[in-house]
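In our numbering, the protein residues as written are 1 to 124.
A short write-up of the structure that comes next.
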Ligand SMILES: [Zn+2]
């Protein structure tokens with residue numbers, strides 16, 4: 001379940017909003033229907049947090065799927081890119097799209113943007 005942190009521009013409080021799927025998140029973002037749970041304002045700014053802190057030299061290949069998911073949902077592109085790079089070394093070499101995604105993540109591109117550019121290869 002995707003979860004994103006927001007700061008409310010109306011009351012200034014931070015909150016975490018949960019979405020059933022990335023589709024729901026996209027729809028809510030497009031319609032600006034996400035609301036501050038404190039004051040109900042729709043004037044929200046997404047905050048990128050390092051939800052999962054990667055220690056230097058973290059061994060991604062030994063992570064379980066739940067930990068990987070938390071890195072993905074942490075929204076830190078470089079971290080996700082590093083994880084892909086480490087976990088999917090062979091896949092990246094044989095699949096140009098995978099390699100491109102990994103490269104762009106490591107350069108700091110937003111996963112959502114890459115996903116859109118590549119025609120939505122990431123699904124729930
Ligand atoms: Zn508010």
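Using N, Cα and C, we set each Cβ at its ideal position, and we do this for glycine too.
Owing to the predicted nature of the structure, the values given are computational and were not obtained by experimental measurement.
Answer yes or no: the CB of residue i versus the heavy atoms of ligand 1, is any distance below 6 angstroms?
{"i": "residue 85", "result": "no"}
{"i": "residue 42", "result": "no"}
If you follow the alpha helix (DSSP H) that residue i is in, where does it begin and where does it stop?
{"i": "residue 25", "result": "22-31"}
{"i": "residue 65", "result": "65-74"}
{"i": "residue 77", "result": "77-87"}
{"i": "residue 96", "result": "96-106"}
Assign residue i to one of three DSSP states: helix, strand, or coil.
{"i": "residue 3", "result": "strand"}
{"i": "residue 113", "result": "helix"}
{"i": "residue 118", "result": "coil"}
{"i": "residue 9", "result": "coil"}
State the CB to CB distance for the pair residue i and residue j, rounded to an integer number of angstroms; the pair is presumed to be in contact (CB under 8 angstroms).
{"i": "residue 21", "j": "residue 28", "result": "Rounded, the Cβ-Cβ distance is 11 angstroms, inconsistent with contact."}
{"i": "residue 5", "j": "residue 71", "result": "The pair is not a contact, with the Cβ atoms about 15 angstroms apart (cut-off 8 angstroms)."}
Could you spell out the range, first to last residue, of the beta strand (DSSP E) harbouring residue i?
{"i": "residue 46", "result": "44-47"}
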